[in-house]
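As structure tokens, the structure follows; a few thoughts come after it.
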Amino acid sequence: MLNTATKSEAPGTEQELTDGFHLVIDALKLNGINTIYNVPGIPITDLGRMAQAAGIRVISFRHEQNAGYAAGIAGYLTKKPGVCLTVSAPGFLNGLTALAHATTNCYPMILVSGSSEREIVDLQQGDYEEMDQLAIAKPLCKAAYRVLHAQDIGIGFARAIRAAVSGRPGGVYLDLPAKLFGQVMNAEAGQKSLVKVIDAAPAQIPSPASVKRALDVLKSAKRPLIILGKGAAYAQADEEIKSFVEKSGVPFLPMSMAKGLLPDTHPQCAGAARSTVLKESDVVMLIGARLNWLLSHGKGKSWGEAPKKFIQVDIEPREMDSNVEIVAPVVGDIGSVVSAFNQAMASGWTTPPADWTKAIVSKREENVAKMAPKLMNNKSPMDYHGALGVLKNVIKDHPEAILVNEGANTLDLARGVIDMYKPRKRLDVGTWGVMGIGMGQAIAAALETGHPVLAVEGDSAFGFSGMEVETICRYNLPICVVIFNNDGIYRGTDVNSVNADPATTVFVKGARYDKMMEAFGGVGVNATSPDELKRAVNEAMASRKPTLINAVIDPAAGSESGRIGNLNPQSVLQKKKK
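For the sequence shown, my numbering assigns the number 595 to the last residue and increments by one with no breaks.
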């Protein structure tokens, strides 16, 4: 239903009018977008108010970057573009980080920003928050558009929606100058100008030849492996993927956000034998996973000496051969491709040799057994394993809960320790490995799914978005934040021997993050042992109240840069001086 205003044009006559504000709202509603993540301010304050009055849920954050991270992960969870609304210039720049993050991770997202007037910006005359935002955004997202006239609002949003979700999903920027909102036009003409996007992400069917080639290569393997990436989880083709993996009998390795697509406890899951399967496999099928740095680019010592053949399933043809030769590329959307695999596999499909699958099971059981005692310790202060052992059992008891995870050691170790049982229940830093996604993603996950959220944060990572605990309390969301507090970045033990300043990686000793949550009316708990942590998290999950647990970790626990210390250059000369 079009939002309109009535204006008298002449004595005895009335014309039904609409304006830019109402047309933006109607364009969103027409296309089923019912949530906006934003920070209010000039020139979009009234847009947020009016959208809320029109029935759209408008969630106001304390920082645009966090609103953007929320919009991005909302897109990932729903397959509809998440919308982040910001003010001009500085607010736009804050949201731009999240937009670039969404594009890198293939999340459908639209950053909508108010902007200064074109005629002043183009002549660089010094308008309020003057900036050529469209030019800045273009290199960092999938597409960028500017709408100058009210009658083009419908087309502008249609193009943004289609660009965000079609093909490989990504971020789109939509620039709305301040003057646009106040533009008035005939309501009937305004309604006709709106566009309902039809079939925004059409299926891309793989060629039969590519399907046959891929299955022939997989069938020829002695030591096959399937790697599932977050693209496979995004596809929401869960049953098709499960059927294919089980019918093939091939061991599978889930990337972090694909965990739970099939349960980590599934007999074919090779997550606990990752090093072994990467090194010893001879044929590797990638489904929605990229051979980027997270997989050592498909080469090097992580992949061992055994010759490899790669099969890759991706909607983007240019992804093929990006690092190594792909002998069997399959271009298409994952749902269509895996469905084609299932149809093409004969009933007499031969499963992999038993010596390969048994070797993986043996290695997995060996590694799990080695880890078990570490996860059961009750040290105080806690180490990472003792704390994560508690959270592992919490997720086992609450498989519907969504786990949000970021940090260095906190992220690296949780990936391997905490099993997931359902798809799209683990959300983390993604391809860039950024810090700061925690509270934004936790808020969107709770709002979009209605499920409880467990956000496991390093103390450094939490600092990027910690003020959003007020947002969590304001909206009374079922989010339990657990901060692994070891007094610093990586560790809290560094010492500055030159002057009185703290070492660059050290935070305030004994900080009480739980007091922050209490200040806004939530529940704060200080936990110094695994037993205390277990009690506090279980109470939070049962109550569904906003909760923050300050989990006191031994300052000496953790390693420099977590598990990617090799990416952190260090001075050889400095080492010699020590």
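Idealized CB from N, CA, C, for every residue including glycine.
| Excluding sequence positions up to five away, which residues of its chain have a Cβ less than 6 Å from the Cβ of I2? | Residue 2 cannot be examined here, being either before or after the span of the chain that is shown, 18 to 595.
| query | What are the partner residues of L270, as DSSP defines its beta bridges? | reply | I244
| Who does M126 pair with in a DSSP beta bridge? | Under DSSP, M126 forms a beta bridge with G99 and G188.
| field | Per DSSP, the bridge partner or partners of Y54 | value | Its beta-bridge partners are I76 and C101.
| request: Using the Cα positions of E383 and A389, report the straight-line distance between them to the nearest angstrom. | output: 10 Å
| Sub-8 Å separation of I332 and Q150 beta-carbons | Between I332 and Q150, the CB-CB gap reaches or exceeds 8 Å.
| message | If distances are taken between C-alpha atoms only, which option among S132, E205, S237 and V189 comes closest to L197? | response | S132
| Near G455, what residues of its chain come up, given a Cβ to Cβ distance below 7 Å and the 5 sequence neighbours on each side ignored? | Correct list, in chain order: V421, E423, A472, E474, A478, F479 and S482.
| How is A472 classed by DSSP in three states: helix, strand or coil? | strand
| request: Could you say which of K239, P547 and A106 lies nearest to K14 if we only look at CA atoms? | output: For residue 14 there is no data in the structure shown, the boundaries of the chain being 18 and 595.
| message | By DSSP's criteria, M399 is part of a beta bridge. Which residues make up the other side? | response | I570
| request: With distances taken Cα to Cα, identify the nearest neighbour of M302 among S273, T367, P241 and A252. | output: P241
| task | Take K229 as the anchor and find which of F358, V411, N493 and A87 has the nearest alpha-carbon. | result | F358
| said: Going by beta-carbon coordinates alone, are M67 and I42 separated by less than 8 Å? | reply: yes
| request: Measure from the C-beta of L311 to each C-beta in chain E and report whether the shortest distance is under 8 Å. | output: In the displayed structure, chain E is absent; only one protein chain is listed.
| field | 3 or more residues per run - each beta strand (DSSP E) lying fully within the region 341-397 | value | 345-348
| Would T152 be called buried (16 or more neighbouring beta carbons within 10 Å of its own) or exposed? | A small fix is needed here, since residue 152 is Ala in this sequence, not Thr. So A152 counts as exposed.
| request: Tell me where the beta strand (DSSP E) around I304 begins and ends. | output: V300 to I304
| said: I'd like to know whether the C-beta atoms of V182 and V104 end up nearer to each other than 8 Å. | reply: no
| Does the region 279-296 come close enough to the region 310-329 to have 3 or more Cβ pairs within less than 8 Å? | Yes: the two stretches touch, three or more of their Cβ pairs being nearer than 8 Å.
| Looking at C-beta atoms only, is the number of pairs between the region 92-101 and the region 492-512 that lie closer than 8 Å three or more? | Flag = no, the region 92-101 and the region 492-512 do not touch.
| said: Going by DSSP in three states, D139 sits in which element: helix, strand or coil? | reply: helix
| Excluding sequence positions up to five away, which residues of its chain have a Cβ less than 8 Å from the Cβ of E577? | Y507, R508 and N585
| query | Hey, how far is the Cα of A119 from the Cα of R552? | reply | In this structure, the CA atom of A119 is about 36 Å from the CA atom of R552.
| field | Beta-carbon gap between P107 and E146 smaller than 8 Å | value | yes
| query | Is DSSP giving L420 helix, strand or coil here? | reply | strand
| query | Under 8 Å, do L245 and S265 count as touching if we go by C-beta distance? | reply | Taking 8 Å as the cut-off, the beta carbon of L245 is found no closer than this to the beta carbon of S265.
| Whole-angstrom distance between K532 and V486, CA atom to CA atom | Taking the straight line from one Cα to the other gives about 11 Å.
| query | Can I460 and L428 be called in contact, C-beta distance under 8 Å? | reply | no
| said: Measuring alpha carbon to alpha carbon, tell me which residue in T448, V451, K413 and L430 is nearest K442. | reply: K413
| Hey, which unbroken runs of the alpha helix (DSSP H) at 4 residues or more fall wholly within the region 530-587? | 531-536 and 547-560
| So, are the CB atoms of A154 and L102 less than 8 Å apart? | no
| said: Quick check: the Cα distance between A520 and G582, rounded to an integer number of angstroms? | reply: 19 Å
| task | Please classify A544: is it buried, with 16 or more other beta-carbons within 10 angstroms of its beta-carbon, or exposed? | result | buried
| field | DSSP-derived helix/strand/coil call for P194 | value | strand
| If you pair each beta-carbon of the region 353-372 with each one of the region 253-270, do three or more pairs fall below 8 Å? | yes
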